[in-house]
Structures are given as structure tokens and as C-alpha cells.
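In the working numbering, the protein residues as written are 387 to 694.
For every residue, glycine included, the Cβ atom is placed at its ideal position computed from N, Cα and C.
Computed from a predicted structure; not experimentally measured.
Heads up: the structure comes next, in C-alpha cells.
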């Protein structure tokens, strides 16, 4: 069949339909079934068939959707990672030196103040409205997809070499982490009692921040950290970390006291000075430190810490 002849023959018919357009499909059928010349009959039949086939797309009215619109019943998409997981990913990325903090913030167009606020929070939903969370989620989604794509197109030999290198880095980091835990355990605090307790001068939120940061560095596993705290149960850690923000949220949890001792030993080992906040807490709480329970005293303490 000569397609050019077919198109040339259809043009005048299409013009007729355009100048006097049928209002119904029946009228259209009548127009096509009464061709102006017999030689056009076959072409009109084909045209009619094509026209009707094309109706759902060319009709001025929206095409009928015979399928049920499931968008109304679609469950809202859940974020791939929660706020704590994004904080851990950010710390791991920055610890690799693959990207500086400044470059990371510039790329995501995030203000340093907003970034510090987000990284200082604890809890799976703490910081959901912070642009660092949204930007970080998008960044790591693309980052991980890109890494997978790179692996896909690598030669088997290169892929194997990369896996070996990653394993070596992980092994070295694990070895360094184990050595660090051993050195921390050997530190003796001057104000420690015979039962291993000391006055606590960091509130619960501060301890959660320190735990998040330490685990985010990736030097030790969560299991190794729990052993370093004195074989603390993982449920206790999960419960403590998932509590809402609050100076006394988790004061009676064993993780609060044992983690404070751990990080105080780490501070002494590294020769770091006490922070301004820590010194202020010592002045406010006196020699006994923060209460290790949810006593009414915390109501007053919380007001003082937050400037009423």
C-alpha cells in the first residue's frame, strides 16, 4: 500500500470533518459511510477504523479510565531512613574524609546552625522538619544508588579488589575500636566509688548525643559498645535512645549511668577539658550530680537547664 496516497486522500475528508465536525460518533460514522467518491471508500473505512481507535486519545473530553483509580487508596510513602539513621550516615560519611562538612552543607544548601541543631538531636523523629533530614535523605538515596551502579559496571577483578579493600578497612577499624575500648576500660576515675558509680554531670539528652556520635563513627559495633557498658541489654539501649527529648528522659535507665562513666573515661583518656556546659552542671547539681531516677527534682532542674 502506498502510504503517501493514503494520507493525501484522507486530507480532504479530514478538512470536511474539521469544517463541519460531527457532534456524535453516529454522525461521524454517517460522514464516513457516505464518501464523496467510490475510490475513497476503502480509505474512508480505514480512516474510520483509525479514528475510532484513536478516540480515547484525541477526544476533547478526558479519556475514560476503566481501571479503578488507586491513588486515593495508596498508602503514604514512608521515609527510607529515620532521623537517627540519617545522623549516623552523615557521621560515617564525614569520618571517611570523602567529603568535608563544609562541602556537604554547600551541596545540600544547609545552614551550619540548622545542621548543628539536627545533629544535636536524638530520637527517630527528632528533626523531621529540619532541612538536613530531607536533604540527607535525598543525598544518601542518590549516593547509594550511584555506588551500586558503579559496582555493576566494574570489571569482576576490580570489584573483587574493592571488596578486599573495604574488608581491610573494616578490619582495621574494628581492631582500632577494640583497642580503644580496652584503653577506655583501663582508665580509673578519681571520684568513682567501690561499686563503679560516679556522680553524673551530663543530662540524658547529652548522653544520647554522645552515644549517637560514637556509634556513628563506626569504630565499634553496638554489641561491643554494650559489652563495654557492662553487658547492658540491647533492649535497655533501644528504650533509652528512643525516648523523647528531655533532660530526665531515661534517668532511671541503666544506660544513662553506665554510658556516662564510659564517656567520662574516654574524655580523660583523650585528655580533653570539661565543656562549659559540664562545668555549669557541676555548679548547679553539687557533688551528687543529677538524680538517677525520675524524682520531682528533675522538674526544677529541667527549668534551670532550659532557662525557664
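For residue i and residue j, I'd like the C-alpha separation in whole angstroms.
| i | j | result |
| --- | --- | --- |
| residue 596 | residue 640 | 16 angstroms |
| residue 511 | residue 497 | 20 angstroms |
| residue 551 | residue 524 | 27 angstroms |
| residue 347 | residue 611 | Nothing about residue 347 can be reported from this structure: the residues present for the chain run from 387 to 694 only. |
| residue 514 | residue 520 | 8 angstroms |
| residue 488 | residue 482 | 14 angstroms |
| residue 609 | residue 564 | 12 angstroms |
| residue 474 | residue 587 | 25 angstroms |
| residue 539 | residue 476 | 26 angstroms |
| residue 645 | residue 542 | 44 angstroms |
| residue 599 | residue 553 | 23 angstroms |
| residue 469 | residue 522 | 9 angstroms |
| residue 620 | residue 467 | 20 angstroms |
| residue 491 | residue 527 | 16 angstroms |
| residue 472 | residue 505 | 9 angstroms |
| residue 667 | residue 589 | 9 angstroms |
| residue 624 | residue 607 | 14 angstroms |
| residue 657 | residue 647 | 15 angstroms |
| residue 629 | residue 622 | 11 angstroms |
| residue 581 | residue 534 | 50 angstroms |
| residue 616 | residue 579 | 16 angstroms |
So, for residue i: in the same chain, excluding its five sequence neighbours on each side, which residues have a beta-carbon less than 7 angstroms away from its beta-carbon?
| i | result |
| --- | --- |
| residue 503 | 516 |
| residue 585 | 577, 673, 674, 675 |
| residue 680 | 634, 637, 638 |
| residue 603 | 477, 481 |
| residue 465 | 523 |
| residue 605 | 559, 562, 563, 566 |
| residue 618 | 612, 640, 641, 644 |
Taking DSSP as the reference, what is the three-state secondary structure of residue i?
| i | result |
| --- | --- |
| residue 618 | coil |
| residue 550 | helix |
| residue 717 | In the structure displayed, the chain extends from 387 to 694; residue 717 sits before or after that span and is not available. |
| residue 506 | helix |
| residue 474 | helix |
| residue 492 | helix |
| residue 667 | helix |
| residue 333 | In the structure as shown, the chain begins at 387 and stops at 694. Residue 333 is therefore absent and cannot be evaluated. |
| residue 498 | helix |
| residue 632 | coil |
| residue 511 | coil |
| residue 468 | coil |
| residue 537 | helix |
| residue 651 | helix |
| residue 431 | Here the model assigns residue 431 a pLDDT of 46, short of 50, so the residue's position is not dependable and the matter cannot be decided. |
| residue 627 | helix |
| residue 575 | coil |
| residue 645 | helix |
| residue 659 | coil |
| residue 456 | With a pLDDT of only 48 at residue 456, under the threshold of 50, the placement of this residue in the model should not be trusted; the figure read from the coordinates follows. The answer is coil: DSSP assigns residue 456 none of H, G, I, E or B. |
| residue 598 | helix |
| residue 680 | coil |
Could you name the residues of the same chain whose beta carbon sits closer than 8 angstroms to that of residue i, not counting the 5 residues immediately before and after it, in chain order?
| i | result |
| --- | --- |
| residue 653 | 660 |
| residue 631 | 507, 508, 509, 512, 591 |
| residue 643 | 583, 586, 678 |
Kindly list the residues whose CB is nearer than 6 angstroms to the CB of residue i, restricted to its own chain and excluding five residues on each side of it in sequence; keep chain order.
| i | result |
| --- | --- |
| residue 566 | none |
| residue 649 | 596 |
| residue 446 | The predicted model places residue 446 with a pLDDT of 46, which falls under 50 and marks its position as unreliable; any figure quoted below should be read in that light. None. |
Would you list the one or two residues that DSSP bridges to residue i?
| i | result |
| --- | --- |
| residue 675 | 586 |
Under 8 angstroms by Cβ, that's how I've got residue i and residue j pegged, so tell me the actual separation to the nearest angstrom.
| i | j | result |
| --- | --- | --- |
| residue 614 | residue 571 | 7 angstroms |
| residue 530 | residue 518 | Incorrect: roughly 18 angstroms between the Cβ atoms, too far for contact. |
| residue 601 | residue 651 | Going by Cβ atoms, the distance from residue 601 to residue 651 rounds to 17 angstroms, so no, they are not a contact pair. |
| residue 494 | residue 485 | Contact doesn't hold; Cβ gap of about 11 angstroms is too wide. |
| residue 532 | residue 655 | That pair is no contact at about 38 angstroms. |
| residue 594 | residue 627 | 6 angstroms |
Can you find a CB in chain B that lies within less than 8 angstroms of the CB of residue i?
| i | result |
| --- | --- |
| residue 680 | Chain labels in this structure do not include chain B; a single protein chain is all it has. |
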